[in-house]
Structures are given as structure tokens and as C-alpha cells.
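Asker: Going down the list, the protein sequences come from chains A and B. By our numbering, the letter at position 44 of the first sequence is numbered 44, and the numbering carries on one by one without gaps. By our numbering, the letter at position 212 of the second sequence is numbered 1212, and the numbering carries on one by one without gaps. Backbone N, C-alpha and C fix where the C-beta goes; we use that ideal spot for every residue, glycine too. Quick caveat: nothing in here was measured; it's all calculated off a predicted structure.
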Amino acid sequence: MMRLLKTYGTILLVFAGVGVLRLALPGAFLIHVTIFSIYTMAFSFLMGRLGLVSFGQPAYMGIAAYGTGLYLHYFGTNPLLGMMVGIIAGVAFAGVIGGLFVRLSSSYFTLANLALCAIGFFVFQRALVHITRGDTGLWYLGRMERWPLLNFRDPDHFLTFALIVAAGIWIVVKGLDRSVFGAACLAVKANERKLQFLGYNTYRIKWLGFVMANSIAAVAGTLYAVYFGFVSPAIMDVLRAPEVVVVGLLGGVGSLYGPLIGTFVYIAMQDLVSAIFVYWELVVGTMLVLVMMAGERGIASLLESAPRLLRMRARHDRSSAG
Amino acid sequence: MATGAALQVNNMNVSYGESRVLFDASLTFPASAVSVIVGRNGAGKTTLLKAIAGFLKPGSGSVVLGGDEITGLRPYQVVRKGLKYIPQDKEVFSDLTVRENLELASYAMKDHDWSKVLRYFPKLQQLMHRKGAYLSGGERQMLMMGRAILGKTHVLLVDEPTEGLAPSIVQDLVAAFKQLASHCTLVLVEQNLAVARELADQLYLMKEGKVVAHLADRAGIESLAFEKDL
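(1) To the nearest angstrom, how far is the alpha carbon of B/Asn1101 from that of B/Met1012?
(2) What are the residues in the segment 146 to 176 of chain A lying within 7 Å of chain B by C-beta distance?
(3) Within 8 Å, do at least three Cβ pairs link the segment 212 to 223 of chain A to the segment 29 to 40 of chain A?
(4) For the pair the segment 1032 to 1047 of chain B and the segment 1199 to 1217 of chain B, tell me if three or more CB-CB distances fall below 8 Å.
(5) Quick one, which of A/Gly182, A/Arg297, A/Gly142, A/Val172 has its alpha-carbon nearest A/Gly76's?
(6) Which two residues bound the contiguous alpha helix (DSSP H) that contains A/Asn214?
(7) On a CA-only basis, which of A/Ile171, A/Lys174, A/Lys206 is nearest A/Val188? Give me that one, please.
(8) List, in order along the chain, the chain B residues whose C-beta lies closer than 8 Å to that of A/Val180?
(9) Tell me B/Asn1013's beta-bridge partners as DSSP assigns them.
(10) Taking just the CA atoms, how far does B/Gly1061 sit from B/Gln1088?
(11) Could you tell me which residues DSSP pairs with A/Phe124 in its beta bridges?
(12) Quick one, which residues of the segment 1080 to 1103 of chain B are near chain A if we go by CB-CB under 8 Å, in chain order?
(13) Ordered along the chain, which non-local residues of its own chain (more than five positions away) have a Cβ less than 8 Å from that of B/Pro1030?
(14) Out of curiosity, what's the CA-to-CA distance linking A/Leu233 and A/Phe161?
(15) Give the secondary structure of B/Gly1004 by DSSP, where H, G and I count as helix, E and B as strand, and everything else as coil.
(16) Counting only beta-carbon separations shorter than 8 Å, does B/Arg1130 have a partner in chain A?
(17) Can you give the Cα-Cα distance for A/Ala42 and A/Arg193, rounded to whole angstroms?
(18) Taking 7 Å as the cut-off, is the C-beta of A/Gln125 nearer than that to any heavy atom in the ligand MN?
(19) Give the residues of chain B in contact with A/Lys206, contact being defined as C-beta atoms less than 9 Å apart.
(20) So which of B/Val1036, B/Gln1008, B/Gly1059 has the shortest CA-CA distance to B/Phe1023?
(21) Using 10 angstroms around the beta-carbon of A/Gly9, count the other beta-carbons present and answer buried if the total reaches 16, otherwise exposed.
(22) Could you compute how far the alpha carbon of B/Val1063 sits from the alpha carbon of B/Thr1071?
(23) Taking all protein chains shown into account, decide if A/Phe277 is buried (16 or more other Cβ within 10 angstroms of its Cβ) or exposed.
(24) Select from B/Ala1196, B/Ala1213, B/Leu1180 the residue whose C-alpha is nearest the C-alpha of B/Thr1028.
(25) Please report the distance separating the alpha-carbon of A/Phe15 from that of A/Ala183.
(26) Per DSSP, what are the beta-bridge partners of B/Val1036 in this structure?
(27) Using a Cβ-Cβ distance under 8 Å, would B/Pro1058 count as near chain A?
(28) Suppose contacts are defined by Cβ-Cβ distances below 8 Å. Is A/Phe29 in contact with A/Ile235 by that definition?
(29) Going by DSSP, what residues sit across from B/Lys1131 in a beta bridge?
(30) Measuring only between beta-carbons, confirm whether B/Val1014 sits less than 8 Å from chain A.
(31) Does the beta carbon of A/Ala190 come closer than 8 Å to any beta carbon on chain B?
(32) How big is the Cα-Cα spacing for A/Leu128 and A/Tyr74?
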């Protein structure tokens, strides 16, 4: 138990810390940060651990959101069950698409995912308009059941729930990083062929990694669907595809806390800074370029190396003084 | 198939697009022997090994491992049949330690007994916590060979193992190869003729994508000279 706490305790502390920020920051902001960081974690897993750059993440999130939305609009009222339906839809979709896409080489993989996103938008906006109601979307906020201990319409309840889910995902990802599967994923990214020399079926590793990553995106999709009580094709708009890439790179892909840090900075710019400075995207863009030039591994790696640099500076100052 | 052959390559042809690089190559590698393939750059030696290991698809011909045809199998399937290939780039996973590199191989081959690895390459014991990026060329070669002998290993294909290594390291590797020959069938591609002569039980000479000579006697192997024969 102590060993588990030692390994995963930091994750619990970090997400508890995000919860404590509720005393100073709006609940909606923190909920947005929490869900978007889960969504970014999916991208970060794909790029940082498997070397797959996907511009189709809105599709994987959107399918799950629609799974939840369709269930809650037409069939049931239990939001937890709705989330289950959404996650199953997202995982099944990722399983089928992954089987086809992970065979593609890097640039084709990226473009095929972008195309998938455009197809998804078209299907939910036009082709299935009689079911999805097109741009009007599906509304079900009032239909969702509420329980005394878990009322999704209460921002504090929802934030607590989302933070617990996020902490769970971070624990799973950290566990994967420490496993042979995690090492195999990194090895695929480093050199797929070298892993084949050892007898690994790298196609299977990439497929499994892809499904795992997009299961995380599916969780983010279902959380959005339940939080807003509404889902529309805008969730998989192709114009939103680069957003998660920017946030992922800003925070640092492959790093455990990069997705959370990147999301925090990005949403802060979007929600808070935009109120005083209209050209907030300009700030994000400039920041992204500077961060990439400084370390290429995002803000997380800069924060990780800062204490070491400070110690080196202090040691240098002491030796100069002596 | 010849009696006692661990691996047999029959009339193999390989092309890169329109360019044919291997012409009707037929070779037989006896069990528990060291076979060395020599030839100048561009002779088709690496192409031959890659085609045997499943990394290149031959246009025609077959590969038979211990009586089973393995032509067309995927590389990981070939490895699981007991045929391992060590490329010449001497690259290991640089972000992983020696231990982690071995663990990765152990997991794939379901063999967690490293005693034979450490018996053949005792130096790896003291390098367990060193990352692949900080190993010398010789140490990386030892790690690659150590990883390759985990699990079922009938045939080990090693491409240019001594290339770019210091003479003392080369001698260590030669000693390790001699020991390994009792463990599995070795097929080496080697440009260092002194090493080839010392290790070879039989020797194939390749030129311009063709097997041009097969020397199976000691006298023939000893008389091989670089300028004259290659």
C-alpha cells in the first residue's frame, strides 16, 4: 500500500491541488481544464509514446460523445450508463479504425486521421441528420438523473467526479509507462524494426496503443457530453483538430504532467486572458514557438529541468565566491 | 534438404523495385557450424540476410529452417521460429538500460533466464544499469547478441559484427562466437578476412548478387585472399 502511494501519490496530490484551486478559480474553468487535459493525454500518449501524430482526435472524442448523447436523448436517463455506452462506442470505433490506420506510415497516418475527422463531421451533421438533428444537436440536460451524492448539474459535483476520473487515467498511464508494454510502445517509436528483431508483432503493439489512447479520448468525449447535456457536430469540426496538437506540444508530449500543464496554460489564455487581450491566440502561438525552441519537449520539461538548472547555478555561484 | 542442415536457402531472387540485387542464391548452413559469407560492398550479403529474416520479400525462392519453410513469414514470426537476425548498425534502444533491453527481449521470447547471456557476455553484468546510448560499439554488439540468444535460437544471422571495433574487442567477440557455436548455428557476414578465416567452418563468397564460391575445407578457407578472391 505504501509503495503504491509512493508511486502514484503525486498524481493524487496534483489532482487534489486542481480541486483546491476551486477556492480561487471558476468551476467551469477547472472542469474545462480537467476534461481537455484528459483529451490531450490521449494525443500525448499517441505522439509521445508511439510516435503517431493524429490530427483526427476530435473524431474519436466525438464518436464517444455522440454515443452518450444518443443514449441520453433517445433511450435512458442514467448519465453513468450513458458514459459507459459512449466509451464502448469510442473504443469499438478506435479498434476498427486503428486496425486500418496503424498500418500507414507517419504522414499518411496523420492525413488519414484528418480526413476521418472531416468524414465524421459530415456524417453527424448531414448524413444522419434525422437521428442527430444536424447542427441543432441533441439536448438532454434536463433528462439526466440526479442523485444526492452525484448531481452532474452541480459544477462542484461534476468537477470532483472529473478529477477522480482524470486521476484514474493518469494512474493507468503511469502504470503503463512502468510496464513492458510501455517500454515496447517507446521502442516502437524509437525504431519499430529493432523491436521486430526481438520477435515483437509491432502492428499489434501499435494497434493496442492506439486503442488505449483513443479510449482516453472517448472518456473525455463522454465527460463533455454529460457536462454540457448537449452534443452537436461541432465537437468533431476539422478546424478543432490542431487545437489538441498545440496544447499537447505546449505542455510536452510523452510527459505525464505535460497534458495537464499545457491545457491549463491554453484554457487560461482562452478563458481568462482573452477577456483582457483579444489576440490571445497570438500569445499562445508565440509561446509555443518559444517553448519548442527552448526544449522541444514542452513546458513540462522546462519545469522539470528548472530545479536542476537552479542547483547548478547555485553551485557555480558558490565555487566562484570561494 | 541436406542432412544436418539447420537452414537452407534455395534459388532466392530479390529485387529493389526494378533493380535485381540477388540472383538465384542457394546456400546451405549445417547445424552447429559457423558459416561466413564474404564479399565486397554491394555484393548482396545484407540483402540475403534480410530476405532470410523476413525483412525483404524475395521475388522467388525459398527459405527452409530445420525442415519448415519460412518464406514469406513476417519478421516476428521468423524470430519466434528460432531464427534471429542482428543487423550491422549496432543500435540498441538508447533510452533503455542494458537490463531493460534484455527485459524487452525476455518478455518477447518468454525466457527470463539470463544465465547463458551472462556466461557468453560476462561484461554485460557490470553494465546492467547503463543506458544503451552510453555503450561502446563492442558493448552494444554484445547486448544485441545477448538479446538474440534469449528464448529459442536455432540460427543466428549476424551482419558485420566486427565492423568498426577495436582489435581487442574483436578478439573478445571471436571468442564469444566460438562459444556460441555450440549453442546455435551461426551465419556471419564478415569483411574482416582474418576473422572469417578464424571462425569459418564453411565460407560462401558473393559477388554482384551471386554466390560465386563455396569453401568447405580448411585449406580453401585459409587460402582466401581479399584482393585476389573478392
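Answerer: The relevant details are as follows:
(1) Position 101 of the second sequence holds residue 1101 of chain B. Position 12 of the second sequence holds residue 1012 of chain B. The alpha-carbon atoms of B/Asn1101 and B/Met1012 are separated by roughly 33 Å.
(2) none
(3) yes
(4) Enough Cβ pairs lie closer than 8 Å, so yes.
(5) To locate residue 76 of chain A, count along the first sequence from 1; it is residue 76. Of the candidates A/Gly182, A/Arg297, A/Gly142, A/Val172, the one whose C-alpha sits nearest the C-alpha of A/Gly76 is A/Gly142.
(6) Numbered from its first residue, the first sequence carries residue 214 of chain A at position 214. From DSSP, the alpha helix (DSSP H) with A/Asn214 extends over 202 to 228.
(7) Sequence index remark: in the first sequence, residue 188 of chain A carries index 188 (1-based). Of the listed residues, the one whose Cα sits closest to A/Val188 is A/Lys206.
(8) For this step, residue 180 of chain A is matched to residue 180 along the first sequence. Those within 8 Å of A/Val180 in chain B are Glu1103, Leu1104, Tyr1107.
(9) As a first step, residue 1013 of chain B is located in the second sequence; it is residue number 13 there, counting from the start. Bridge partners of B/Asn1013: B/Ser1060.
(10) Here residue 1088 of chain B refers to the residue found at position 88 when the second sequence is read from its first residue. Here residue 1061 of chain B refers to the residue found at position 61 when the second sequence is read from its first residue. Answer to the nearest angstrom: the Cα atoms are 24 Å apart.
(11) Counting from 1 along the first sequence, the entry for residue 124 of chain A is found at position 124. Paired residues: none, contrary to the question.
(12) Arg1080, Lys1084, Tyr1085, Ile1086, Pro1087, Glu1091, Val1092, Phe1093, Ser1094, Asp1095, Leu1096, Glu1100, Glu1103
(13) Mapped onto the second sequence, residue 1030 of chain B falls at position 30. The answer, listed in chain order, is Ala1002, Gly1004, Ala1005, Ala1006, Thr1185, Asp1201, Gln1202.
(14) Position 233 of the first sequence, counted from the first residue, corresponds to residue 233 of chain A. Position 161 of the first sequence, counted from the first residue, corresponds to residue 161 of chain A. With the sequence shown as reference, residue 233 of chain A is identified as Pro, and Leu is not the correct amino acid for it. If I take the Cα positions, the gap works out to 25 Å.
(15) Counted from its first residue, the second sequence places residue 1004 of chain B at position 4. DSSP places B/Gly1004 in coil when its eight states are reduced to three.
(16) Along the second sequence, read from residue 1 onward, the residue named residue 1130 of chain B stands at position 130. The beta carbon of B/Arg1130 sits no closer than 8 Å to any beta carbon of chain A.
(17) Translated into the one-based positions of the first sequence, residue 42 of chain A becomes position 42. Translated into the one-based positions of the first sequence, residue 193 of chain A becomes position 193. Going from the Cα of A/Ala42 to the Cα of A/Arg193 covers about 24 Å.
(18) Absence of the ligand MN is noted for the structure shown, with no ligands found whatsoever.
(19) Along the first sequence, one-based indexing puts residue 206 of chain A at 206. Correct list: empty, because the minimum Cβ distance to chain B is about 13 Å.
(20) On the second sequence, position 23 is the one that residue 1023 of chain B refers to. Among B/Val1036, B/Gln1008, B/Gly1059, the Cα nearest to that of B/Phe1023 belongs to B/Gly1059.
(21) By one-based count along the first sequence, residue 9 of chain A stands at place 9. Answer is exposed; the Cβ neighbour count stays below 16.
(22) Sequence index remark: in the second sequence, residue 1063 of chain B carries index 63 (1-based). Sequence index remark: in the second sequence, residue 1071 of chain B carries index 71 (1-based). Each residue's alpha carbon lies about 5 Å from the other.
(23) Position 277 of the first sequence, counting from 1, holds the residue named residue 277 of chain A. A/Phe277 is exposed by the Cβ-count criterion.
(24) Indexing the second sequence from 1 puts residue 1028 of chain B at position 28. If we check each option's Cα against that of B/Thr1028, B/Ala1213 comes out closest.
(25) Position 15 of the first sequence, counting from 1, holds the residue named residue 15 of chain A. Position 183 of the first sequence, counting from 1, holds the residue named residue 183 of chain A. Cα-Cα distance, rounded: 26 Å.
(26) Residue 1036 of chain B sits at position 36 when you count from the first residue of the second sequence. Per the DSSP secondary-structure output, B/Val1036 pairs in a beta bridge with B/Leu1188, B/Leu1203.
(27) Within the second sequence, the letter at position 58 stands for residue 1058 of chain B. False, the Cβ-Cβ gap to chain A never drops below 8 Å.
(28) In the first sequence, the residue the question calls residue 29 of chain A occupies position 29. In the first sequence, the residue the question calls residue 235 of chain A occupies position 235. Inclusion of A/Phe29 and A/Ile235 in the CB contact set at 8 Å is not warranted, their separation being larger than that value.
(29) Reading the second sequence from its first residue, position 131 is the one you call residue 1131 of chain B. In the DSSP output, where bridge partners are listed per residue, B/Lys1131 has B/Thr1097.
(30) Locating residue 1014 of chain B in the second sequence gives position 14, counting from the first residue. Closer than 8 Å: no.
(31) As a first step, residue 190 of chain A is located in the first sequence; it is residue number 190 there, counting from the start. With 8 Å as the cut-off, A/Ala190 counts as an interface residue toward chain B.
(32) In the first sequence, the residue the question calls residue 128 of chain A occupies position 128. In the first sequence, the residue the question calls residue 74 of chain A occupies position 74. Rounded to the nearest angstrom, the two C-alpha atoms are 15 Å apart.
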